[in-house]
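4 protein chains.
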Amino acid sequence: MNFASDNAYGAHPAVLAALSEANAGPMMGYGADPVTDRAVEAIRDLLEAPEAVVRFVATGTAANALVCAQLSPSFGRIYCHEDAHIETSECAAPEFFAHGAKLVTLPGLGGKLTPESLAPAVSAGAGAGLNGGRNAMVSITNATEWGTVYAPEEVSALAAVAHAAGLPLHMDGARFANAVATLGCSAAQVTWQAGVDALCLGGTKNGAMAAEAVVFFDPAQAEDFDYRRKQSGHVFSKSRYLAAQMLALATDGLWLDLARQANAKAQVLGQAVQEGGGQLLQPVQSNAVFAVVPAATHARAQSAGALYHLWPDKVAEGLDPVPLRLVCAWDTPDRDVSALAAILCS
Amino acid sequence: MNFASDNAYGAHPAVLAALSEANAGPMMGYGADPVTDRAVEAIRDLLEAPEAVVRFVATGTAANALVCAQLSPSFGRIYCHEDAHIETSECAAPEFFAHGAKLVTLPGLGGKLTPESLAPAVSAGAGAGLNGGRNAMVSITNATEWGTVYAPEEVSALAAVAHAAGLPLHMDGARFANAVATLGCSAAQVTWQAGVDALCLGGTKNGAMAAEAVVFFDPAQAEDFDYRRKQSGHVFSKSRYLAAQMLALATDGLWLDLARQANAKAQVLGQAVQEGGGQLLQPVQSNAVFAVVPAATHARAQSAGALYHLWPDKVAEGLDPVPLRLVCAWDTPDRDVSALAAILCS
Amino acid sequence: MNFASDNAYGAHPAVLAALSEANAGPMMGYGADPVTDRAVEAIRDLLEAPEAVVRFVATGTAANALVCAQLSPSFGRIYCHEDAHIETSECAAPEFFAHGAKLVTLPGLGGKLTPESLAPAVSAGAGAGLNGGRNAMVSITNATEWGTVYAPEEVSALAAVAHAAGLPLHMDGARFANAVATLGCSAAQVTWQAGVDALCLGGTKNGAMAAEAVVFFDPAQAEDFDYRRKQSGHVFSKSRYLAAQMLALATDGLWLDLARQANAKAQVLGQAVQEGGGQLLQPVQSNAVFAVVPAATHARAQSAGALYHLWPDKVAEGLDPVPLRLVCAWDTPDRDVSALAAILCS
Amino acid sequence: MNFASDNAYGAHPAVLAALSEANAGPMMGYGADPVTDRAVEAIRDLLEAPEAVVRFVATGTAANALVCAQLSPSFGRIYCHEDAHIETSECAAPEFFAHGAKLVTLPGLGGKLTPESLAPAVSAGAGAGLNGGRNAMVSITNATEWGTVYAPEEVSALAAVAHAAGLPLHMDGARFANAVATLGCSAAQVTWQAGVDALCLGGTKNGAMAAEAVVFFDPAQAEDFDYRRKQSGHVFSKSRYLAAQMLALATDGLWLDLARQANAKAQVLGQAVQEGGGQLLQPVQSNAVFAVVPAATHARAQSAGALYHLWPDKVAEGLDPVPLRLVCAWDTPDRDVSALAAILCS
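Chains as they are written, first to last, in the working numbering: chain A, 7 to 352; chain B, 7 to 352; chain C, 7 to 352; chain D, 7 to 352.
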C-alpha cells in the first residue's frame with residue numbers, strides 16, 4: 007500500500023505503447039522528428055494555444071528551473087509561496103539555473119498566494135533598489151503543494167498583480183491535470199486566459215515515465231529558450247521518446263481521465279479520515295490528502311504496511327494526532343485505497 | 007546633518023597619509039609588495055592570529071559573498087538572520103558567487119541568531135535530503151544590522167551548534183570595530199577564540215575609503231581562495247593601495263578609537279530619543295540608533311535638514327510614531343549630533 | 007537512408023521490454039527502487055568495479071557537464087581536444103555547470119590527445135598563476151569525435167601525465183561500446199585499469215532511448231555528486247525507467263553486440279569509400295566513417311536519398327572531393343548500408 | 007629598474023590630491039554624490055558622448071567581465087583574439103560573470119583581429135546551432151596585449167563585421183590612453199564613431215590607484231547594468247573615491263599627458279633594442295616593447311637589476327635570443343630608461 011507519492015507509481019500502458027510506436031525507424035534528432043511535431047500540436051490543442059512554444063523535458067525540476075532562468079536575471083526576485091516546490095524541493099535549482107536569483111517567499115493558507123499578500127511584497131521589491139535586486143516574476147503551483155487548487159479567477163487576480171508590476175506569471179503544473187480535473191474548466195481558462203505566461207505541464211505524475219512540457223504562451227518570452235535547455239543538458243537527441251509520452255497523455259483526454267481517477271481515490275481517503283476522527287488540514291481538491299489522524303489510527307496503518315510521509319517531513323515522532331500526507335496515483339490499486347480507508351475510518 | 011549611513015562619511019587623514027606613503031616608487035603587483043605584507047601582519051596582530059590567511063577587497067559585499075562561495079557549494083544551505091545584510095542588501099551576491107546556494111533565514115530579536123533557533127533549523131536542514139540541499143555554513147553579523155552586539159559567549163554558543171553539525175561559522179564584521187569597542191574584549195576573543203572560522207573585517211565604515219579584510223583563521227579553509235577573488239575581479243593589481251588603508255586603521259589602535267568615537271555619538275542620540283518621548287527599538291550597542299519617535303519630532307528633524315532613513319525602508323508615510331535609523335560615523339560632526347539630539351529630546 | 011547520426015535510430019526491443027517489465031506496481035522514487043539497484047550492479051559488473059559510484063542521467067551533455075562540475079572548480083582549467091564534444095557540441099554546458107571553467111583545447115590527429123601535447127600544456131597551466139586559473143582535469147573521448155579509438159596503453163599514457171599533475175582523467179564514452187567492441191579488451195582495461203577516474207558510459211547511441219551512466223571509480227571523487235544531479239534537474243523521480251534501459255543494455259552483453267553491429271556496418275562503408283576513389287580521413291575504428299569522396303559520388307548519394315552531414319559542418323558547397331561523415335547505428339538497415347556502399351564504390 | 011608592468015608603478019599626485027579633495031564631509035553613498043556626477047560628466051566630455059552610461063569599478067577584470075555578462079547570455083559566443091586579456095589573464099572571469107559563455111579565440115598578427123579572420127568565424131558561429139551556442143559579441147583590446155594599436159578605420163572595419171551579424175563590439179581599453187596618444191585621434195573617433203558599443207576605459211595603468219570606467223554608448227545596452235555591478239560586489243558605497251581618481255585623470259588632459267610620457271619611454275627602449283642587435287616582435291605603438299634580445303644583453307640587464315617578464319611567460323630558460331616584454335609607466339624613472347637603453351644597445 008504505497009501512498010508516499012504519485013511518482014511511486016508507473017506509466018500508463020498507452021504511454022508504453024506510444025514509445026513502441028515511436029520506435030519506428032530513423033528520425034532526425036533533437037526535435038526535428040514527426041513525433042515531436044505531433045506532440046507539440048497536441049499540447050497546443052489541449053491548451054487552445056496554437057501559437058504557444060512547447061518544449062519537452064524529463065523532470066519537473068528542470069521544467070521549473072528553466073522557466074525561472076528564462077524569466078529572471080541573476081539579480082531577479084522570484085515571488086512564490088513559502089512551501090512552493092521551487093523553494094523547498096529542488097535543491098536550489100532555480101537559483102542555479104538563473105545564476106543567483108532570489109526566491110522571495112510568502113506565506114498563505116493552503117499553499118496559495120493571494121493578491122493581498124503578493125501586492126505589497128511586489129511593491130516592496132520594486133522599491134528595494136540595487137540592494138534587494140530587481141523584481142522578475144511570480145510563480146504559483148496548481149494544484150498546490152498542499153493539494154489545493156487555484157480557480158481561474160484566483161489565477162486572474164494574481165496575474166493582475168503581477169502584470170501591473172510588469173512581471174510574468176509562471177504556473178508549476180506538476181499536477182496540473184489534477185487541478186483541471188477538479189476545476190472542471192478548460193486548461194486554457196486556468197492558464198493563458200487567466201494570465202499565465204509560462205506553464206510547466208506535468209506528465210510524470212500523470213502517468214508518464216518522465217516527461218513534462220514547458221509552455222510559453224507568448225513566443226517572445228521563449229526567445230533563446232532552446233539554448234538554455236541545451237546548455238543544461240535537457241535537450242534529448244532522441245526527442246521522440248519524450249514527446250511520445252506527452253502525446254499519449256494528450257490523446258483522447260487520457261490526461262484528464264487519469265487525473266480524475268487519482269482524485270477520486272483521494273476523495274475516498276479524505277472521507278475516511280473525517281469519518282475516523284481525523285481532521286483534514288486542507289480540503290481535498292486534487293490527488294492528495296493532508297490530515298491529522300489519531301496516533302492509534304496511524305499505528306494501525308503502519309502495521310498494515312501503508313507507506314506514506316508524515317507531513318511536514320521530519321515531524322517529531324510520538325505526536326498524537328499524527329500529521330500525514332497521502333498521495334494517490336491513477337493506478338493506486340482500489341483495494342489499497344479501500345484497505346487504508348477502512349483503517350482510517352475505524 | 008547626515009545620519010543616513012556611516013558610509014556617507016569620509017576617510018580618516020591617516021588613511022590618506024598611508025596612501026601617499028604607499029605611493030613610493032615601483033612595487034610588484036597583485037599583492038607581492040611590502041605594503042600588503044605589512045598590512046597582513048598588522049591584521050594578524052590585531053586578531054592575535056599569526057597563521058591566519060588575510061586578503062583585502064574593496065567592498066563588504068565582495069568580502070561576504072566570496073566567503074560564502076568559499077564555504078558553500080552551489081547546493082549549500084547558508085543559515086543567517088532574516089535581516090542579515092547578505093540576505094537583504096547584497097542583490098543576491100552570495101547566491102551569485104556561490105552559483106545558487108540558498109540562504110535559509112531565521113528570525114531573532116535584535117538581528118541575532120540564537121542557539122535555540124539555529125539548532126533545530128540546522129537539524130532540519132541535515133534531514134532535507136537532495137530536495138533541500140546540503141548544510142554548508144552559518145553566518146552572523148557583528149555588530150548586527152540592528153546595531154546590537156554578540157558577546158563572545160553568544161558567538162561561542164552559536165559556533166558550538168554550527169561545529170557540531172560540521173559547519174563553519176562566518177562573521178560579517180562590516181562594523182566589527184564598533185562591536186569590539188562596545189564589548190571591551192579583544193578581537194580574538196569574539197572571533198577565533200569563540201569559534202569563528204572566517205571574518206570579514208570592515209574598513210570602509212570604520213574610516214577607510216574602500217577596504218575590507220577577509221580572514222580565514224584556518225588556512226585549510228582558504229584553499230584556492232585567491233582564484234575566487236581573481237575570477238570575480240577583486241584582486242587589485244596595485245594591491246598596496248587597498249592594503250595601506252587597512253594598515254592605517256590597524257596601526258596604533260586607530261580602528262578602535264574611531265569606532266569608539268562613532269559609538270559615543272550614537273549613545274548621545276539614543277539618550278536623546280528616550281528623553282524626548284521616543285522609544286529605542288533596540289539597545290544602542292554600536293554606532294546606530296533604531297527607534298520610534300513622535301511624528302512631530304520627526305517633522306522637526308526633517309525641517310532642520312537631518313538626513314536619515316525610515317526603518318525598515320519604505321514604511322508607510324504618515325505613521326506616528328515614526329520608526330527610523332540614525333547612524334553615526336567617526337567623523338559625524340559633534341555639532342550635528344548635538345543639534346539632532348536637541349531636537350529629539352525636545 | 008539515414009547516416010546522419012546514430013541518435014537518429016531507435017531503441018532496441020530489449021530496452022522497450024525492460025521498460026515494460028519495470029512498469030510493475032509502485033516503487034519508491036528517486037533511485038530507491040530495485041530496478042535502479044540492479045542496473046547499478048550490472049554496470050559495476052560490466053566494468054569489474056564493485057565499488058564504483060554509478061548514476062544515471064538521460065543525456066550525454068548532462069553526463070559530461072556534471073562530471074566537469076564535479077571535478078573542476080569555477081576557476082579550473084579542463085584539458086581536452088579541440089574537437090571534443092564538450093568543446094564543440096554542448097553549448098558551453100561544462101562552463102555552465104562548472105560556473106565558468108575554461109576548456110583548454112589542444113590539437114591532435116584523429117581527435118586524440120597525446121602525452122606529447124598534453125604534458126607541456128598541463129605544465130604551462132600549472133604555471134599560469136591566478137591569471138590562467140587552476141589546473142583541474144583532463145577529458146578524452148573514446149571512441150573519439152573522429153571515430154578513432156584510444157587503446158588502453160594510450161589511455162594509460164595520458165592518465166600518467168594527468169595524475170602526475172594531480173589531475174583526474176575523464177572519459178566521455180558516448181560511444182564507449184563502439185570503442186570496446188573494436189579494441190577487444192575489457193571495459194575495465196580501457197578505463198580504471200588504465201587510469202580513468204570518471205566515465206560517461208553512453209546508452210543512447212548504443213540502443214537506449216535516452217540513458218547514460220556516470221561512473222566514478224573512486225567514491226571519494228563522487229562526494230555530493232547527487233546534489234549536483236538534483237540541482238540541475240537530472241534526478242528522475244521515476245528512476246527505474248532510466249535504469250531499466252541501461253540494465254537491458256548491460257544484460258547478456260547486448261551493449262557489445264549492438265556496438266559490433268554498428269561498427270561492422272561502418273566497415274562496409276569505409277571499404278566502399280576506398281574502393282570508389284574516396285579517401286578515409288581517419289581509419290574506421292568505430293561506427294563512423296570520415297572521408298572525402300568525389301563530388302559526383304556525393305551527388306549520386308544525395309539523389310538516392312542518403313542523409314548525412316558534410317564534415318566539418320558548414321563546409322562550403324561545391325567542393326570536390328566532398329568531406330563527409332557517415333554514422334551507423336546498430337539498426338541501420340543492411341539494405342541501406344549496401345545501397346550506399348554500392349554508390350560509394352561505383 | 008622595474009619594467010615588469012605599468013601596474014607596478016604608482017598613482018599621480020593629482021589623483022591623490024583628488025582623493026583628499028573628495029574627502030570633504032558627508033555625501034550620500036552608492037554613487038549619489040557630486041564627485042561621481044562630475045566624473046561621469048568628465049568621461050562623457052572626454053568621449054564626446056553626452057548620453058553615454060558611465061560607471062566606475064576598481065579593476066580591469068571587473069570592467070571587462072561585467073561587460074561580457076551584460077552583452078552575452080550564458081550560452082553566448084564571445085569572439086576575441088587568442089591573446090586577449092579576457093582569455094589569458096582573467097581567470098575565466100568572463101565565463102564566471104556570464105555564467106558559462108564561451109570565448110571563441112582567433113589568431114592574428116600583433117594581437118589584432120582582422121575582418122578577414124572575424125567574418126568567417128562569426129559566420130560559422132551563426133550556423134553552429136544549439137551545439138555551438140549563440141553569437142553574442144566581439145571584443146578587442148586597444149592598445150593590444152602586444153602593444154600595438156587599432157586605428158579608427160581598423161575598428162570600423164571590425165565593427166562593420168560585428169554589427170552586420172547583430173553583435174555589439176566591446177573595446178578593452180586598459181591602455182586606451184596609450185592608444186589614443188599614439189593615434190593622435192580623438193577618443194570618440196576610435197570608439198563610438200568607429201562603432202564601439204562598450205568601452206572599458208582604464209585608469210589604473212594610466213596613473214590611478216585602482217579605477218576603471220565602464221562606458222556604454224547606447225544606454226539601452228546598459229539596462230540593469232547596475233544590478234550586475236552590485237551583485238558582483240563592484241558598487242562602492244563611498245563611490246566618490248573611485249570617481250575622484252577618474253576625474254583627476256580626465257581633467258586638463260592629464261590622461262593623455264601621462265600616456266604620452268609612458269609611450270615616449272617605450273620608444274627609447276624600442277630604439278635601443280634595435281640598435282643593440284635585438285629585434286622588435288611588434289612595432290612599438292604604445293608603452294610596451296616586445297622584442298628578442300641577445301642572451302648576453304639579457305644577462306647584462308639582469309645583472310643590472312632590471313625587472314621584466316620573459317614573453318610569453320614561462321618560456322624555457324637558456325634561449326638565445328631571449329624574448330621579453332618591457333613595459334613603461336608614466337613615472338618610470340628616466341634614469342632607469344636610460345640605463346636599460348644603454349644596456350640594450352650596447
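Yeah, the Cβ is synthetic: ideal placement off N, Cα and C, and Gly gets one too.
Subject >> Beta-carbon proximity list for cysteine 334 of chain D, same chain, < 6 Å, skipping 5 on both sides >> reply: Same-chain partners within the cutoff: Ala268, Lys271, Ala272, Asn293.
Subject >> chain A contacts made by the stretch 92–103 of chain C, where a contact means CB separation under 7 Å >> reply: Cys97, Ala98, Ala99, Phe102
Original post:
Which residues of chain B have a Cβ atom closer than 7 Å to the Cβ of asparagine 13 of chain D, listed in chain order?
Top reply: Gly35, Ser243, Lys244
**OP:** Return the chain-ordered ranges of every alpha helix (DSSP H) run that is complete within the stretch 264–321 of chain D and spans a minimum of 4 residues.
**Re:** 301–309
Subject >> Selection of the stretch 121–138 of chain B by Cβ proximity to chain A, strictly under 9 Å >> reply: Ser129, Ala130, Gly133, Ala134, Gly135, Leu136, Asn137, Gly138
Original post:
DSSP beta-bridge partners for valine 60 of chain C?
Top reply: C:Val221
Original post:
In the structure shown, what three-state DSSP assignment does glycine 116 of chain C receive?
Top reply: In this structure, glycine 116 of chain C counts as helix in the three-state DSSP scheme.
Original post:
If we count the other Cβ atoms within 10 Å of its Cβ and call it buried at 16 or more, is serine 11 of chain A buried or exposed?
Top reply: Burial call: buried.
**OP:** For the alpha helix (DSSP H) containing proline 121 of chain C, list its first residue and its last residue.
**Re:** 121–132
**OP:** Consult DSSP for aspartate 178 of chain B and reduce its assignment to one of helix, strand or coil.
**Re:** strand
Original post:
Under 7 Å, do leucine 119 of chain A and leucine 175 of chain A count as touching if we go by C-beta distance?
Top reply: no
Subject >> C-beta contact flag for tryptophan 152 of chain D and glycine 116 of chain D at 7 Å >> reply: Taking 7 Å as the cut-off, the beta carbon of tryptophan 152 of chain D is found closer than this to the beta carbon of glycine 116 of chain D.
Subject >> Three-way DSSP call (helix, strand, coil) for valine 144 of chain C in this model >> reply: strand
Original post:
How about serine 80 of chain B: is its C-beta nearer than 7 Å to some C-beta of chain E?
Top reply: Note that chain E does not occur in the displayed structure, where the protein chains are A, B, C and D.
**OP:** Could you tell me whether the Cβ of asparagine 8 of chain D comes closer than 7 Å to any Cβ of chain B?
**Re:** yes
Original post:
Is the stretch 304–324 of chain D touching the stretch 20–31 of chain D in the sense that three or more CB pairs, one from each, lie closer than 8 Å?
Top reply: no
Original post:
Could you give the residue range of the alpha helix (DSSP H) that holds tyrosine 233 of chain B?
Top reply: 231–237
**OP:** Identify each residue in the stretch 311–341 of chain A for which the Cβ-Cβ distance to at least one residue of chain D is less than 9 Å, and report them in chain order.
**Re:** Per Cβ criterion, the list is empty.
**OP:** Could you confirm whether any beta carbon from chain C is found closer than 7 Å to the beta carbon of lysine 108 of chain D?
**Re:** Taking 7 Å as the CB threshold, lysine 108 of chain D lines the interface with chain C.
**OP:** Using the Cα positions of serine 309 of chain D and aspartate 342 of chain D, report the straight-line distance between them to the nearest angstrom.
**Re:** 14 Å
Original post:
Can you tell me whether DSSP reads asparagine 8 of chain A as helix, strand or coil?
Top reply: strand
Original post:
Which value, in whole angstroms, describes the spacing of the CA atoms of phenylalanine 231 of chain C and serine 162 of chain C?
Top reply: 25 Å
Original post:
In whole angstroms, what separates the C-alpha of glutamate 218 of chain A from that of proline 100 of chain D?
Top reply: 33 Å
Subject >> Outcome for serine 352 of chain B when other beta-carbon atoms lying within 10 angstroms are tallied against a minimum of 16 >> reply: exposed
**OP:** Could you tell me the distance, in whole angstroms, from the CA atom of alanine 134 of chain D to the CA atom of phenylalanine 242 of chain D?
**Re:** 40 Å
Subject >> Reduced DSSP secondary structure (H/G/I, E/B, other) of tyrosine 85 of chain C >> reply: strand
Original post:
Could you give the distance in angstroms between the alpha-carbon of glutamine 251 of chain A and the alpha-carbon of threonine 65 of chain A?
Top reply: 13 Å
**OP:** Quick one: using the 10 Å Cβ neighbour count with 16 as the cut-off for buried, is glutamine 199 of chain C buried or exposed?
**Re:** Label assigned to glutamine 199 of chain C: buried.
Subject >> Backbone CA spacing between leucine 313 of chain A and lysine 211 of chain C [nearest angstrom] >> reply: 38 Å
**OP:** Grab me the residues of arginine 234 of chain A's own chain with a C-beta within less than 7 Å of its C-beta, minus the 5 sequence neighbours each way, in chain order.
**Re:** Leu72, Ala75, Gln76
Original post:
Should valine 279 of chain A and alanine 301 of chain A be called a contact, given that it needs their Cβ atoms to be closer than 7 Å?
Top reply: no
Original post:
Which one of B:Leu346, B:Ala347, B:Asp337 has the shortest CA to CA distance from asparagine 29 of chain D?
Top reply: For the options B:Leu346, B:Ala347, B:Asp337, the alpha carbon positioned closest to that of asparagine 29 of chain D is the one of B:Asp337.
Original post:
For chain B, is any of its Cβ atoms less than 7 Å away from the one on alanine 17 of chain D?
Top reply: yes
Original post:
Does glutamine 237 of chain B have its Cβ less than 7 Å from a Cβ in chain C?
Top reply: yes
**OP:** Pick out whichever of A:Ala297, A:Phe62, A:Pro32 has its Cα sitting closest to the Cα of serine 45 of chain A.
**Re:** Sequence inspection shows alanine at residue 45 of chain A; the serine mentioned does not correspond to that position. If we check each option's Cα against that of alanine 45 of chain A, A:Phe62 comes out closest.
Original post:
What is the C-beta distance between threonine 94 of chain C and serine 245 of chain C, in whole angstroms, given that I count them as a contact (C-beta under 8 Å)?
Top reply: Contact doesn't hold; Cβ gap of about 31 Å is too wide.
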